[in-house]
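Protein chains in written order, with the numbering used here: chain A, 372 to 530; chain B, 724 to 872. For every residue, glycine included, the Cβ atom is placed at its ideal position computed from N, Cα and C. Report on the structure given below.
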Amino acid sequence: MADLSSAPVPPVGPDDHVRGEGEEGLIVYADLGCPHCASAWAEIAARPGRIAFRHFPVASKHPRAPALHVAAEAAGAQGEFFAMVDSIYADRGHVDDPHLWERIEHLGLDLERFERDRRDPDLATRVRRDFQSGIRAGVAGTPAVFDACTLVAVREREF
Amino acid sequence: MIAAGTPAPDFTLRDQDGEEVSLSGYRGGKVLLVFYPMDFSPVCSDQLSIYQEVKPEIEAKGVTMLGISVDHSYAHKAFQEKLGVDTPLLADFEPKGAVATAYGSYLDGLGFANRTLVLVDEDGTVAWAYESPNPGEFPGANVIFDALA
């Protein structure tokens, strides 16, 4: 079992999914099944500068989330990680497998490879690694946005 | 909030299925009591959902996790089904908040417990406790694993 005790949010590394340029930037822990993340993503993604996306699927709350995160990884294996993330957040109502296949074809990706890749257990492990780093950093809801490894934004709620 | 080193007050409450659950029934193992304000609130939903995601890691450390709020068993059942969680949820319903009061986490005037985590060790002693600064915040799961380290 992984160590889930407290640890600082890891700095952006070569294994991260990064969009934009810059030495510093935001690190976003997000759930691809989360409606709040979808609305926040439109704003976050429009920001200038570097954004690192980290997986934080909460499967009990969003049962399709694990499959969606792995699907994004599989699209990423063909160079279109963020295109898949954008696509999923832009239309949360169509997230079953046939809808994912349509998205892959729309992005011009190899569907057979996508189907093969998303069954690779290494992709689920990759997703879980992000999730665990978020747990260790104290992520308690999505989206959780870190700037230079400091938590700067969470969704506000009364209780 | 109850202090570490004191005996954990025993209780018997009904779970989401109406079955009686006693803290003393877990003697010999560790128990994590998760007091939370109420079923279906946004923060409580996030808290129990995220704890569910790391429940295997919690259980791997020999700990049974139990949620407790002032809601009735019927509400707990619906909440559990809505969230897709299988953590037992105990009804501190009548007398309202009596167990939360015994653990020093009941919020008079608000009518529910503050978010409080209490780790009870194998012989029924409070090993660790944590209370949130306010009901709008919940401790990340990392805090639990720090306590279990």
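Query	Result
Report the residue from B:Leu736, B:Leu871, B:Pro730, B:Ala731 whose alpha carbon sits nearest the alpha carbon of His799 (chain B).	B:Leu736
Do Tyr826 (chain B) and Thr810 (chain B) have their C-beta atoms closer together than 8 Å?	no
Closer than 8 Å, CB to CB, is Tyr507 (chain A) near chain B or not?	The amino acid occupying residue 507 (chain A) in the given sequence is Arg; Tyr does not appear at that position. It does: the Cβ of Arg507 (chain A) has a partner Cβ on chain B nearer than 8 Å.
Should Arg425 (chain A) and Ser504 (chain A) be called a contact, given that it needs their Cβ atoms to be closer than 8 Å?	yes
Kindly give me the distance between the Cβ atoms of Gly420 (chain A) and Gly393 (chain A), rounded to whole angstroms, as I take these residues to be in contact under 8 Å.	5 Å
Using the rule of at least 16 other Cβ atoms within 10 Å of the residue's Cβ for burial, across every protein chain shown, is Thr729 (chain B) buried or exposed?	exposed
For Gly447 (chain A), name the three-state secondary structure that DSSP assigns.	helix
With Glu776 (chain B) as the anchor, note down where its alpha helix (DSSP H) starts and where it stops.	765-776
In the DSSP assignment, find the unbroken alpha helix (DSSP H) run with Tyr460 (chain A) in it and report its ends.	452-461
Classify Thr824 (chain B) as helix, strand or coil using the three-state DSSP reduction.	helix
What does Leu833 (chain B) pair with, by DSSP beta-bridge criteria?	Partner(s): none; Leu833 (chain B) has no beta bridge.
Quick one: what's got a C-beta closer than 8 Å to Met761 (chain B)'s C-beta in the same chain, skipping five residues either side?	Cys767, Ser792, Val793, Asp794, Phe835
Do you know whose CA, among B:Ala823, B:Phe763, B:Tyr759, B:Asp733, lies nearest Ala801 (chain B)'s CA?	B:Phe763
Quick check on Ser431 (chain A): does DSSP put it in helix, strand or coil?	coil
Might you give, ordered along the chain, the residues of its own chain that have their beta carbon closer than 8 Å to the beta carbon of Arg750 (chain B), omitting 5 neighbours on each side?	Glu845, Asp846, Gly847
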